[in-house]
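Peer 1: If you read the sequences in order, they're chains A and B.
The first sequence begins at 312 in this note's numbering and counts up by one.
The second sequence begins at 71 in this note's numbering and counts up by one.
Dumping the structure here so I can ask a few things about it.
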Amino acid sequence: MVQDKWAVRLGLGVLCFAAFCSLFPIVLLLLNSLKSAREIIISPLAWPMEFRWDNFARAWQDARFDKAIVNSLIIVVLTVFAVCTTASAAAYVLARRLIKRWQLATIYFLVGTTAPIQLFLFPLYLAYSKLGLINNPFGVALIYTAIFSPVAIMLLRTFFIAIPIEVEEAAEIDGANAWQKFTLVALPIAWPGVLTVALIVAMNTWNEFVIAATFLQTAERLTVIGAFFSLSGRYVTDWGEVMAAALIVVIPIVTLFIFFQRQFIEGMAGGAVKG
Amino acid sequence: MGRLLIAPALIINMLIMLGPALFTVVLAFYRWDGASTPVFVGFDNFVSLLGDRAFWSALQNNLLWTAIFLTVPVAIALVAGTLLLTVRKGTMLFQLIFFTPIIIATVVWAKIWQLMIYSPVSGIVNLANDAGIPLRDPLSMPQTALLGVAIVDIWRWWGFLAVIFFGALRQVPTERVEAARLDGAGFFQLAWYVLLPAIRPTIMLMMVLSLIWSFLVFDFVFILTGGGPARSSEVLATFAYRSAFYQGNFGIAAAAALVFGVFGLAVSVVYVRVQLKEDNP
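As structure tokens, then:
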């Protein structure tokens, strides 16, 4: 018992150290978003001598976050809507094996979950520029829908598989067709899965970098991530302002995470573990 | 009805991913700047890749990256996951903390690490120098640049793995753990003989995924070093991106993308087989 207690204490110590490592950059972010550049040079670890709230005001103006947040929200809403509708329908088909080649389709989407962006990025960019879709939020939302739906389909499929088939058979006896079974019976039962998918897709869309940086180029169209990246390249030595901008980017996602911890963890773990 | 329901997802995906991916194969045999008329060059793009030292060092960096990611974060996460299981105190809080890095954008973390930790002007490195500890910015030196980037990515990645491993460990029947305890097994014996074998499928799966993802690494390298200094931290993804968008050589970019795309797909096949086996035991 004595040895056990000692082992638990040691374990707790190691875990606390690990937690400290995870939180350390976040602490740096919080502390320095409120400091002047001069104070940061003296020490990035010190408590702010003077709270520089104006860092946030300048970051908001210089990065034009008012525009960027609207741009991001438009793309997030479009993507989340498109993924949730198309992926849940596709996942239902795969779960209930409603097409002859369901196995082939499952494999296609499974491979899609790990397909490298660079494998299709260059021709896609050339096609988009030919079609005049560069800087078009709808065009970018379409790319995100394609990229994020394979994981969403694999995740939703497990939710549909978990629904007892008897429930749907009962509806069938009452005269429901496939469309009605999907929308009126299966979807309401699987809605926690749809919520999880919506949250994960919203987070991934908000955070995405390569597509946003490649396909949205004018200042008017930048997403929050693009605006932050551009700001950090222009105001290289105003570290306080860059950190304040970073905090503005981070706050919406962290807020969502705090309210929906379980969905985030289950969704991301499920996306990785179950396909 | 089934076909109608699956069609939208399938069509969008094929339009954006499969179609252009097939076109990448064609593009790899052409020289094209994206504007003028494409010229068919046969295997020239691949030949010039083979003769390009930057390409070889990018490939080498990817292999090094793979080796690092198959070991370091997995080991840290396994230790943390096992400790969470044995400690049983505050596990929810620890999980939340470990999970936080993965939900925040790569660009944000890259800038925090670059400016607040690595920078010799404004970061912890500067603070250490003031205190007389001779640290240097790892990103500024060819020998350590890739390692500097890897540290940031490992830091963001291990907590996610730890939460997944802990989730799998919790499924191990408690009777088995208790039985081993009664037999006098210590922490390491318990972990090595009981817990790790029990979650082997999860470990294998995460390693296959690490293998795939390690060949796709882009964001942190692109933002932190841009592949520099002197292309020392270039990886295949940044190499391809630079060829296309900085050098205007889409043929070379496509050829490079094919090299690591094909490798990624090969590992994907393994992954798909593992997943399908899990589905239909």
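Cβ atoms here follow ideal geometry from the backbone N, Cα and C, with glycine treated the same way.
By Cβ distance below 6 Å, which residues in the same chain neighbour ILE322 (chain B) in space, the five residues on each side in sequence not counted?
Peer 2: Counting from one through the second sequence, the residue named residue 322 (chain B) turns up at place 252. For ILE322 (chain B), where only same-chain residues beyond five positions count, the Cβ hits under 6 Å are ASN115 and SER313.
Peer 1: Please list, in chain order, all residues of the same chain as PHE470 (chain A) whose beta carbon is under 6 Å from its beta carbon, the five residues on each side excluded.
Peer 2: Along the first sequence, one-based indexing puts residue 470 (chain A) at 159. Closer than 6 Å at Cβ, skipping near neighbours: ALA501 and GLY504.
Peer 1: What do you get for GLU245 (chain B), buried or exposed, if any count of 16 or more other CB atoms within 10 angstroms of its CB means buried?
Peer 2: On the second sequence, position 175 is the one that residue 245 (chain B) refers to. Exposed is the call here.
Peer 1: Let me know the secondary structure DSSP gives GLY586 (chain A) once reduced to three states.
Peer 2: The count along the first sequence starts at 1 and reaches residue 586 (chain A) at position 275. Because the pLDDT of GLY586 (chain A) is 34, which lies under 50, any placement of that residue in the model is unreliable, and the number read from its coordinates should be weighed accordingly. If DSSP states are grouped into helix, strand and coil, GLY586 (chain A) belongs with coil.
Peer 1: Tell me the DSSP bridge mates of TYR100 (chain B)?
Peer 2: On the second sequence, position 30 is the one that residue 100 (chain B) refers to. B:PHE110, per the DSSP bridge assignment.
Peer 1: Shorter than 7 Å from the beta carbon of LEU430 (chain A) to some beta carbon of chain B?
Peer 2: Stepping through the first sequence from its first residue, residue 430 (chain A) is reached at position 119. True, the Cβ-Cβ gap to chain B drops below 7 Å.
Peer 1: Quick check on CYS395 (chain A): buried or exposed, where buried means 16 or more other Cβ atoms within 10 Å of its Cβ?
Peer 2: Here residue 395 (chain A) refers to the residue found at position 84 when the first sequence is read from its first residue. Classification for CYS395 (chain A): buried.
Peer 1: Taking buried to mean at least 16 other C-beta atoms within 10 Å of its own C-beta, is THR566 (chain A) buried or exposed?
Peer 2: The residue labelled residue 566 (chain A) in the question sits at position 255 within the first sequence. Exposed, by the Cβ-count rule.
Peer 1: Relative to the C-alpha of ARG281 (chain B), which candidate in B:ALA261, B:SER210, B:LEU155 and B:SER338 has its C-alpha closest?
Peer 2: As a position in the second sequence, residue 281 (chain B) is number 211, starting the count at 1. Correcting the residue type first, residue 281 (chain B) is Leu in the shown sequence and not Arg. Answer by Cα proximity: B:SER338.
Peer 1: For the pair the region 532-547 of chain A and the region 369-379 of chain A, tell me if three or more CB-CB distances fall below 8 Å.
Peer 2: The region 532-547 of chain A is in contact with the region 369-379 of chain A.
Peer 1: Below 8 Å, can you find three or more Cβ-Cβ pairs linking the region 325-344 of chain A to the region 151-167 of chain B?
Peer 2: As far as the Cβ criterion goes, the region 325-344 of chain A touches the region 151-167 of chain B, which means the pair count is three or higher.
Peer 1: Note down, in chain order, each residue of its chain lying with its Cβ closer than 8 Å to the Cβ of ILE224 (chain B), except the 5 sequence neighbours on either side.
Peer 2: If you number the second sequence from 1, residue 224 (chain B) lands on position 154. ILE138, PHE139, VAL142, PRO143 and ILE146.
Peer 1: Could you pull out every residue in the same chain whose Cβ sits closer than 6 Å to the Cβ of ALA509 (chain A), ignoring the five residues on either side in sequence?
Peer 2: The residue you call residue 509 (chain A) lines up with position 198 of the first sequence. Cβ neighbours of ALA509 (chain A) beyond the five flanking positions: VAL391 and CYS395.
Peer 1: Sorted by chain position, which residues of the same chain lie with C-beta nearer than 8 Å to LYS585 (chain A)'s C-beta, five sequence neighbours on each side aside?
Peer 2: For the purposes of this step, residue 585 (chain A) is taken as the residue at position 274 of the first sequence. Reliability of the predicted coordinates at LYS585 (chain A) is poor, the pLDDT of 39 falling under 50, and the value obtained from them is presented with this limitation in mind. The answer, listed in chain order, is MET465, LEU466 and THR469.
Peer 1: On a Cα-Cα basis, can you pick out the residue from B:LEU154, B:ILE203 and B:TYR316 that is closest to PHE236 (chain B)?
Peer 2: Working through the second sequence from its first residue, we reach residue 236 (chain B) at position 166. For the residues B:LEU154, B:ILE203 and B:TYR316, the minimum Cα distance to PHE236 (chain B) belongs to B:LEU154.
Peer 1: Leaving aside the five residues before and after ASN343 (chain A) along the sequence, list all residues of the same chain whose C-beta is less than 7 Å from its C-beta, in chain order.
Peer 2: In the first sequence, residue 343 (chain A) corresponds to position 32, counting from 1. So the list reads ILE351, PRO355, TRP550, GLY551 and MET554, once near-sequence residues are dropped.
Peer 1: Using the beta-carbon of each residue, which ones in chain A are nearer than 7 Å to GLY386 (chain B)?
Peer 2: What is shown of chain B runs 71 to 351, which leaves residue 386 (chain B) out entirely.
Peer 1: How many whole angstroms separate the CB atoms of ALA310 (chain B) and GLN528 (chain A), which I take to be in contact at a CB cut-off of 8 Å?
Peer 2: Start at 1 with the first residue of the second sequence, and residue 310 (chain B) comes out as number 240. Start at 1 with the first residue of the first sequence, and residue 528 (chain A) comes out as number 217. In fact, because the Cβ distance is near 19 Å, the residues do not count as touching under 8 Å.
Peer 1: Using a cut-off of 9 Å between C-beta atoms, extract the partners of GLY504 (chain A) located in chain B.
Peer 2: Here the question's residue 504 (chain A) lines up with position 193 in the first sequence. Within chain B, no residue comes near GLY504 (chain A); the closest Cβ sits about 15 Å away, beyond 9 Å.
Peer 1: Between the C-alpha atoms of ALA463 (chain A) and ALA401 (chain A), what's the straight-line distance to the nearest angstrom?
Peer 2: Position 152 of the first sequence, counting from 1, holds the residue named residue 463 (chain A). Position 90 of the first sequence, counting from 1, holds the residue named residue 401 (chain A). Their Cα atoms are separated by approximately 10 Å.
Peer 1: Using 7 Å as the limit for Cβ to Cβ distance, is PHE568 (chain A) near chain B?
Peer 2: Sequence index remark: in the first sequence, residue 568 (chain A) carries index 257 (1-based). So yes, PHE568 (chain A) belongs to the interface.
Peer 1: Just checking my contact of ALA393 (chain A) with LEU405 (chain A) at CB under 8 Å: how many whole Å lie between their CB atoms?
Peer 2: For this step, residue 393 (chain A) is matched to residue 82 along the first sequence. For this step, residue 405 (chain A) is matched to residue 94 along the first sequence. With 8 Å as the limit, ALA393 (chain A) and LEU405 (chain A) do not qualify as a contact, their Cβ atoms being about 18 Å apart.
Peer 1: Drop a sphere of 10 angstroms on the beta-carbon of PRO427 (chain A), count the other beta-carbons inside from all chains shown, and report buried for 16 or more, exposed for fewer.
Peer 2: Residue numbering aside, residue 427 (chain A) sits at position 116 when the first sequence is read from its first letter. It is buried - the Cβ of PRO427 (chain A) has at least 16 other Cβ atoms within 10 Å.
Peer 1: Is it the case that the region 215-232 of chain B contacts the region 315-329 of chain B, given that we only count it when at least three CB pairs across the two stretches are under 8 Å?
Peer 2: Output reads no: the region 215-232 of chain B does not touch the region 315-329 of chain B.
Peer 1: Alpha carbons only, please: which of B:VAL264, B:THR295, B:THR176 and B:ASP253 is nearest the one belonging to GLN241 (chain B)?
Peer 2: Residue numbering aside, residue 241 (chain B) sits at position 171 when the second sequence is read from its first letter. Comparing Cα positions, the closest option is B:VAL264.
Peer 1: Are the beta-carbon atoms of ALA215 (chain B) and THR295 (chain B) separated by less than 7 Å?
Peer 2: The count along the second sequence starts at 1 and reaches residue 215 (chain B) at position 145. The count along the second sequence starts at 1 and reaches residue 295 (chain B) at position 225. Taking 7 Å as the Cβ cut-off, ALA215 (chain B) and THR295 (chain B) qualify as a contacting pair.
Peer 1: Under a three-way DSSP split, which group does MET360 (chain A) fall into?
Peer 2: Numbered from 1 along the first sequence, position 49 holds the residue referred to as residue 360 (chain A). Three-state DSSP puts MET360 (chain A) in coil, outside helix and strand.
Peer 1: How is the alpha helix (DSSP H) around GLU304 (chain B) delimited, first residue to last?
Peer 2: Residue mapping note: residue 304 (chain B) aligns to position 234 of the second sequence, counting from 1. Element bounds for GLU304 (chain B): n/a, residue is neither H nor E.
Peer 1: Between the region 73-92 of chain B and the region 433-444 of chain A, do three or more beta carbon pairs fall short of 8 Å?
Peer 2: In short, these stretches touch, since the Cβ pair count reaches three.
Peer 1: Using 7 Å as the limit for Cβ to Cβ distance, is VAL462 (chain A) near chain B?
Peer 2: As a first step, residue 462 (chain A) must be located in the first sequence, where it is residue number 151. For VAL462 (chain A), the answer is no, since every Cβ of chain B falls outside 7 Å of its Cβ.
Peer 1: Quick one: residues in its chain with C-beta nearer than 6 Å to the C-beta of SER302 (chain B), no 5 flanking neighbours on either side, listed in chain order?
Peer 2: Working through the second sequence from its first residue, we reach residue 302 (chain B) at position 232. Counting only Cβ-Cβ distances below 6 Å, and skipping sequence neighbours, we find PRO212 and ALA215.
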